[in-house]
Amino acid sequence: MALYLTLSSHSFRPTITTKAQLSQYFDPPTTANHWKIPQQNQSLEHTNSDDLSNTHAGKLKVLKREFTNLVECSPPQGIYMIDAMQRLNIDYQFQEEIDAFLRRQYEISTTNWDAYGNDLHMISLCFRLFRQQDYYVPADVFGKFTNKEGKFNQNLARNLKGMIDLYEASQLSIAGEDILDEAAQFSGLVLKEKMACLDDHEAKFVRKTLEHPFHKSLALFTSKDFRGDFHGMNGWLGSLKEVAKLDSSLLQRLHQQEIIQVSKWWTELGLANELKYARNQPLKWYIWSLACLTNPTLSEERVELTKPISFIYLIDDIFDVYGTLDELTLFTDVVRRWDITASEKLPDYMKICFKALDDLTNEISSKIYQKNGWDPTHSLRNAWKSLCKAFLIEAEWFASGNMPSAEVYLKNGIVSSGVHIVLVHIFFLLGEGLTKENVHTIDGIPPIISSPATILRLLDDFGNAQDENQEGNDGSYVDCLMRERQVPLKECREQVMSMISDAWKSLNKECLFDATFPTTFCKASLNLARMVPLMYSYDDNHSLPRLQQWIKSFLFEDQV
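Those letters in the sequence shown? Residues 1 to 560, per UniProt numbering, in order.
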């Protein structure tokens, strides 16, 4: 009888469990079935698609003219309109117009920031929009609002809009920008204190700003709330909302078709039948792809990316639920050698999984080569080798009960997060910046990969999150830190939050100020980090209610 390892949430020492015992409280056909593709969406027929597209195109054309006219006569209104476009997730429809306008405004601002006077609201908003656009703005533009000690003037607290936008601007900081750290602390504290005095609508907006600042959130997931919650006197806001509703309907139809493709691939692959105790969550895997690659034109790339993401979860389950340590060691060695012949020594379930992984890697590599002229086979295989090695190291820790240092745990955990698998595939699927130098850098897990991986690993561990279909526990950085330093949980968690903040600063630097990688890849890395809080916001039942509600609302409910 094979033995399987489960772990106490408070210890690395394993409890020995048989598969028969697991089956008593783990029902594969029904567990987490909300991540399967709803049957009613396996075959979708939409009527009046042409009418919807024509209506959308007509209104969009009118709105583009309105924006062009508006920015000529009132640049500040143009700034406000761009902010609304971004929050409504339709800015990609105006990208050329936005690029041209912000370029002009940036050129003006670099020589004359004083033109904004002491308008904290406008300075903060421009700061955020410019940095998002990869334009460098020094943090000391906020110096005029601080005293000799570097503290923000208390009278600014009366300016609610200014506080909101100062907090939003502070999220785009990089290491060493102390004034932005102070801005985040000051504005965050003011906004928390003000909430009790605000009306319900204002308090709701402030709460969402504090919990989900724009730069660290996905507009794709928040735009519907913004449509319903945000009201203003600007005449163009209603037109933007109308276009946003039509846009969401068109996107919904596109993504539903992608879901059908993913479902067809997953069903035909047949691994759900072979690995009955592994997660069967194609919808959840697709959501990762949708979050990373939000541009509607990247439909094929989203479908292809979902495939390796599914294998991250499947192989993780092999290590956490299925394999004995001897089997896992053998599996890792086969992956390291990438030898189909050697895989004959594996148990059947591992043999089937490796064969499917090999087929997928060859298939994706062939598609990338045909489309972009670069064979990524070596890089993709090496990424999988690194992942399995990291999984095995964790399995050895848990089997022996020997606890690693916090530093060693995190270094390995960055790899076992699977983030490098996702981003390496994205890099080659996008096909931009394919040079020997960039490929060499990508293979080495640079900061643009390790930073979001750190965010994922620490946020996952922060709540000691446990996925719906996992009966074990992958350990925790917080546990390592507590044992190593003999300090209270609260102090360890504060350090973890500080480390997450530092990882965001590193990611900001890579994506906003470093021109090594193309903008599309940088955005994918940012989006992955933005998705993490939503993907790991487990409740007491180990479910993801916020994510599940968004999926229901955006993908399967009427948008208009």
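C-beta: ideal position from N, C-alpha, C; glycine also. Values in this document were obtained by computation on a predicted structure and should not be read as measured data.
Cutoff 8 angstroms; reference residue i; Cβ partners in own chain excluding five residues on either side
i    : result
A244 : L88, N89, I90, S223 and R227
V415 : S386, L387, K389, A390, I445 and A453
K371 : G431
N118 : K144 and F145
L489 : V478 and M482
R493 : F462 and V478
E300 : none
Beta-carbon proximity list for residue i, same chain, < 7 angstroms, skipping 5 on both sides
i    : result
F221 : L534 and W550
P545 : D539
L120 : F145, L156, N159, G162 and L166
F427 : I442 and F521
K552 : none
R131 : V137, L172 and L512
Y25  : Its pLDDT being 28, under 50, Y25 is placed unreliably in this model, and the value from its coordinates should be taken loosely. Excluding sequence neighbours, Y25 sits near nothing in its chain.
E97  : K64, F67 and T68
P29  : Its pLDDT being 34, under 50, P29 is placed unreliably by the model, and the measurement read from it follows with that caveat. Cβ within range, chain order: n/a, list empty.
Q133 : L102
V424 : S379, L380, A383 and I442
S217 : R530
F94  : K64, F67 and M85
Whole-Å CB distance - residue i paired with residue j, under 8 angstroms assumed
i    : j    : result
I448 : C522 : 7 angstroms
S124 : E193 : About 19 angstroms separates the two Cβ atoms, so there is no contact after all.
L250 : L52  : 7 angstroms
F101 : V71  : 5 angstroms
E274 : Y349 : 6 angstroms
Proximity of residue i and residue j at Cβ, strictly below 7 angstroms
i    : j    : result
K411 : A175 : no
L429 : E242 : no
C480 : A383 : no
A219 : L325 : no
L172 : H212 : no
D317 : R279 : yes
A515 : S451 : no
M81  : W236 : yes
L191 : V206 : yes
Y106 : Y135 : yes
E258 : R302 : yes
F517 : G418 : no
A524 : C292 : yes
L330 : A84  : no
E363 : P347 : no
Close-in-space but distant-in-sequence residues of the same chain around residue i (CB under 6 angstroms, 5 per side omitted)
i    : result
W266 : P282
V532 : I455, L456 and L459
G413 : R457
D247 : I90
S170 : L180, A183 and A184
R336 : K385
D27  : In this predicted model, D27 has a pLDDT of only 34, less than 50, meaning its place in the structure is not dependable; the value taken from the coordinates is given anyway. Answer for D27: no residue qualifies.
Q261 : V303
K307 : L360
Beta-bridge pairing of residue i - partner residues as DSSP gives them
i    : result
T146 : F152
Residue from the options whose Cα sits closest to the Cα of residue i
i           : options                   : result
residue 598 : D375, S417, S365 and E396 : The chain is shown only over 1 to 560; residue 598 falls outside these bounds and no answer can be derived.
D358        : D348, K371, A342 and W338 : W338
S187        : C126, K151 and A356       : K151
E268        : L360, M85 and L528        : L360
L456        : Y536, A524 and E484       : Y536
D181        : M85, A139, N69 and K355   : A139
P272        : N508, G235, Y313 and T294 : Per the sequence shown, residue 272 should be read as Ala rather than Pro. When each option's Cα is compared against that of A272, the closest is Y313.
D461        : I500, T294 and S49        : I500
N234        : Q77, R103 and I309        : Q77
N508        : R128, V262, I164 and E258 : R128
H440        : C126, L346 and L380       : L380
G323        : N295, E394 and L198       : E394
S49         : Q252, N153, E149 and T110 : Q252
G143        : S109, D178 and K367       : D178
N295        : N527, K59, D558 and D114  : N527
S310        : A356, T341 and T329       : A356
L392        : D333, I421 and T341       : D333
E510        : E494, A529 and R493       : A529
I315        : Y277, Y286 and T297       : Y277
K59         : G238, T111 and C126       : G238
P75         : Q495, A115 and H56        : A115
W285        : S263, G270 and T297       : S263
CB contact check: residue i to chain C, cutoff 7 angstroms
i    : result
F221 : Of the protein chains in the structure, only one exists, and it is not chain C.
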